[in-house]
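To keep things clear, I will list the structure first and then write my remarks on it.
Numbering (our numbering), first residue to last: -16 to 134.
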């Protein structure tokens, strides 16, 4: 099977950095490697703050100070093993500002330290909490969606 040119370019970039192949790293080593390349987002957002969603850490992104915003609960990718709120900060900022809806990004616990289904249970807990507490976030629970990537 032929690799897509973007995939090939990405793999060549990783190889040029001298990092071992992902499959030769432990999950913890791979997380540390990926975080070395993290760059903080400069994308403008009206406001963001960390929120405890029923015991699950989350981050709320607000595109404005309007009330009764739609709410997008965001589950980041990474196969339940990689990534965190900071890794997806730029995406969530853009999603909030370009959609005009609030975004609540979930920082679920990661495997292998917390084996499946723990990460999924964290997502369910935070999503239920968001629905039950939408008004306190300035949002309308009847206008709530769940989205994400990969995991």
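Here a beta-carbon is modelled for each residue, glycine too, at the ideal position from N, C-alpha and C.
Does the separation of the CB atoms of residue i and residue j fall below 9 angstroms?
i           : j          : result
residue 17  : residue 65 : yes
residue 109 : residue 37 : yes
Among the options, which one has its Cα closest to the Cα of residue i?
i           : options         : result
residue 133 : -6, 62, 90      : 62
residue 40  : 99, 88, 118     : 88
residue 51  : 125, -1, 6, 13  : 125
residue 96  : 76, 71, 10, -12 : 10
residue 129 : 118, 121, 113   : 113
Buried or exposed, going by whether 16 or more other CB atoms sit within 10 Å of the CB of residue i?
i           : result
residue 44  : buried
residue 3   : exposed
residue 85  : buried
residue -12 : exposed
Taking 8 angstroms as the limit between beta carbons, can you name the residues of its chain near residue i, skipping five residues before and five after?
i          : result
residue 47 : 29, 83
Given residue i, which residues of its chain have a CB within under 6 angstroms of its CB, disregarding the five upstream and five downstream residues?
i          : result
residue -7 : none
residue 1  : none
residue 68 : 42, 88, 90
Residues in the same chain with beta-carbon distance under 7 angstroms from residue i, minus the five sequence neighbours each way, listed in chain order, please.
i         : result
residue 5 : 13
I'd like to know if the stretch 96 to 106 and the stretch 70 to 88 are in contact, where contact means that at least 3 CB-CB pairs between them fall below 8 angstroms. Per the Cβ contact rule, the stretch 96 to 106 is not in contact with the stretch 70 to 88 (fewer than 3 Cβ pairs under 8 angstroms).
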